[in-house]
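Heads up: the structure comes next, in structure tokens.
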Amino acid sequence: MSETAEPPITFYRLQGCPFCERVARLLGEYDLDYRSRFVEPMHSDRDVVKRVAGVRTVPVIVDATTGVTMAESENIVGYLETTYGDSDADRPDAAAASAGGGD
Amino acid sequence: MLGFDVVDLGPADHPEPGDSAPAFTRPLVTDEFWEDRSLAALVEEHDGPTVLVFTPMTGSFLAKYVWDELTARDWDERVGQVVGLTASTPYEVTRFLEDNDYPFRFFADPGNEVAESYGIAHDLDGMTGISEPRIAFFAIDAARTVESAWVATDWPEFPDYDHLETDLGLK
Chain Z
1 MSETAEPPIT FYRLQGCPFC ERVARLLGEY DLDYRSRFVE PMHSDRDVVK RVAGVRTVPV
61 IVDATTGVTM AESENIVGYL ETTYGDSDAD RPDAAAASAG GGD
Chain B
1 MLGFDVVDLG PADHPEPGDS APAFTRPLVT DEFWEDRSLA ALVEEHDGPT VLVFTPMTGS
61 FLAKYVWDEL TARDWDERVG QVVGLTASTP YEVTRFLEDN DYPFRFFADP GNEVAESYGI
121 AHDLDGMTGI SEPRIAFFAI DAARTVESAW VATDWPEFPD YDHLETDLGL K
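Residue numbers (full-length UniProt numbering), protein chains in the order written: chain Z, 1 to 103; chain B, 1 to 171.
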């Protein structure tokens, strides 16, 4: 029953965070199955992210398929492109991602 | 007995024992994050009944009275799985859990559609456009069948907790 299956990718995100939205766009573009875990705006309230990824910034993704846990949107975008993307594709998102890391 | 007037809400057309509990998916809020979860997945992954507890909005004394009582009665340890549901945003629910140190998880349903689908929505007089659940308890098995139900018919009305615990087999 697909409804109860855990998606392979867990995506820690903050509502409205542009760095997170960039990752969300790419996950959607690659049609990857993921679950979103929303955290709070205050970094001090993000113990779960610290525990999982060692940082208090989002976005963070945990990919059970590859065993990779990664923070910083630039790194995540690069990882998703390398792992799931078509390397020949011309993706404006990839260039935009180098502008910043996370929130 | 009560120092305030009680409004008669009348009977609710809610799921009865033997009925299937209406399915829904809403953000499930813990003290660390929230994520979409379906009731079906939640009850299925748990061995034993899940008690779905509807209360008015966080911030109301009504919600606090219920959750203080359930915390004092150690329902987090004595009942297999207790899950709250109220018409507040995930941010408000997070604050409610933290401020009161409640050991429970809540579905956030600010639009109150879930309470509507359970027949227990209550439109608040003097708060135009705001609807919240009546206080209600549903014990639901792993196949999403209602095993027992208690729904307030007055506002406010609190359950007889000892009676509820008997219904749930805790006594």
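Beta carbons: idealized from backbone N, C-alpha and C, even for Gly. Every value quoted in this text rests on a predicted model; they were computed, and no experiment measured them.
T50(B) (DSSP reduced to helix, strand or coil)
strand
Option in A143(B), F96(B), W67(B) with minimal Cα separation from P159(B): W67(B)
May I ask you to report which of helix, strand or coil DSSP gives E147(B)? strand
query: Between which two residues does the beta strand (DSSP E) carrying L39(B) extend?
result: No beta strand (DSSP E) holds L39(B); the alpha helix (DSSP H) holding it covers 39-44.
- Query: Three-state secondary structure (DSSP) at S60(B)?
  - Reply: coil
Once you ignore the five residues that flank G84(B) on each side, which residues in its own chain have a CB closer than 6 Å to its CB?
-> Listed in chain order, the non-local C-beta contacts of G84(B) below 6 Å within the same chain comprise V53, F104, F106, local neighbours out to five positions each way being set aside.
Do we get a CB-CB distance below 8 Å when we pair R37(Z) with the residues of chain B? yes
Cβ-based contacts, 7 Å cut-off: residues of the segment 40-51 of chain Z near chain B: E40, D47, V48
- Query: Looking at the unbroken alpha helix (DSSP H) that takes in I76(Z), where does it start and where does it end?
  - Reply: Residue range 73-84 is occupied by the alpha helix (DSSP H) that includes I76(Z).
Using C-beta distances below 7 Å, list every residue in its chain close to residue 175(B), excluding the 5 sequence neighbours before and after it, in chain order.
This structure cannot settle anything about residue 175(B), because the visible part of chain B is limited to 1 through 171.
Next item on the list: Return yes when the C-beta of L97(B) is under 7 Å from any heavy atom of the ligand ADP, and no when it is not.
Entry: In terms of ligand content, the structure shown is empty, and the ligand ADP therefore cannot be addressed.
**Asked** Quick one: which chain Z residues come within Cβ less than 8 Å of P90(B)?
**Response** F38
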